[in-house]
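Undergrad: Shown below is the structure under consideration.
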Amino acid sequence: MLSGIFTWALPFFLISLLSAVAEAQGGGGGAPRELWCVGKNNAEDAALQSALDWTCGPGGADCGPIQKGGPCYDASDLQRTASFAFNDYCAKHGFSDETCNFGNTAALTSLNPLKLRQWELQWGGDGWLRYFRSDQQ
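Written as structure tokens, this is what we have:
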């Protein structure tokens, strides 16, 4: 008798266990959680610049759009510029507290900085997604 109950209950137990593991790993049925890596408001400019230099150099982030002449270039806002590079780096290496640290100059957030600031996305004619300053259009 116990064998029959075990055989019947085992599939339900395994499905429940797998569902609990998926939920614990963020794979639940809710909306996907979006994360961004942004420069901290209280980070020193020198530390942000150093982190940006590393991210765009040895870190391997694609910093073309934030270079002079690029669509996201803004020499007046180091935090925004660094955030762009930090996000590109994390997109390649995963969004975690370890990858989004950069000498304690950055942090993860679930608030979309594109909605908080004047940045927008646009598909370029070459098929690439581009960022641009909405106040420069």
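Under mature numbering (1 follows the signal peptide of the UniProt record, and there is no 0), read the sequence shown as residues -24 to -1, 1 to 113, first letter to last. Positions of the beta carbon are idealized from the N, C-alpha and C atoms, including for glycine.
My understanding is that T75 touches C66, with C-beta atoms under 8 Å, so please give their C-beta distance in whole angstroms.
TA: Here the question's residue 75 lines up with position 99 in the sequence shown. Here the question's residue 66 lines up with position 90 in the sequence shown. Right, the Cβ-Cβ distance comes to about 5 Å (below 8 Å), so this counts as a contact.
Undergrad: Using 9 Å as the threshold, is the C-beta distance between T81 and A23 below it?
TA: Locating residue 81 in the sequence shown gives position 105, counting from the first residue. Locating residue 23 in the sequence shown gives position 47, counting from the first residue. Yes.
Undergrad: For the beta strand (DSSP E) holding C13, just list the boundary residues, first then last.
TA: For the purposes of this step, residue 13 is identified with residue 37 of the sequence shown, where counting begins at 1. Residues W12 to G15.
Undergrad: Taking only three categories from DSSP, how would you classify A19?
TA: Counted from its first residue, the sequence shown places residue 19 at position 43. It is coil, neither helix nor strand.
Undergrad: Give the secondary structure of T81 by DSSP, where H, G and I count as helix, E and B as strand, and everything else as coil.
TA: Along the sequence shown, read from residue 1 onward, the residue named residue 81 stands at position 105. Looking at T81 - three-state DSSP - the assignment turns out to be coil, as it is neither helix nor strand.
Undergrad: Closest to A37 by CA distance: which of S59, A19, E20 and A83 is it?
TA: The sequence position of residue 37 within the sequence shown is 61, counting from 1. When only C-alpha atoms are compared, the closest one is S59.
Undergrad: In this structure, how does DSSP classify Q43 when only helix, strand and coil are distinguished?
TA: The count along the sequence shown starts at 1 and reaches residue 43 at position 67. In this structure, Q43 counts as coil in the three-state DSSP scheme.
Undergrad: Grouping DSSP H, G and I as helix and E and B as strand, with all else coil, what is N88?
TA: Taking the sequence shown and counting its residues from 1, the one referred to as residue 88 is at position 112. Coil.
Undergrad: Just verifying my parser: in three-state terms, what is the DSSP assignment at S52?
TA: Against the sequence shown, residue 52 aligns to sequence position 76. Coil at S52, not helix or strand.
Undergrad: Can you look up A58 in the DSSP assignment and give me helix, strand or coil?
TA: Here residue 58 is taken as the residue at index 82 of the sequence shown, counted from 1. The answer is helix: DSSP assigns A58 an H, G or I state.
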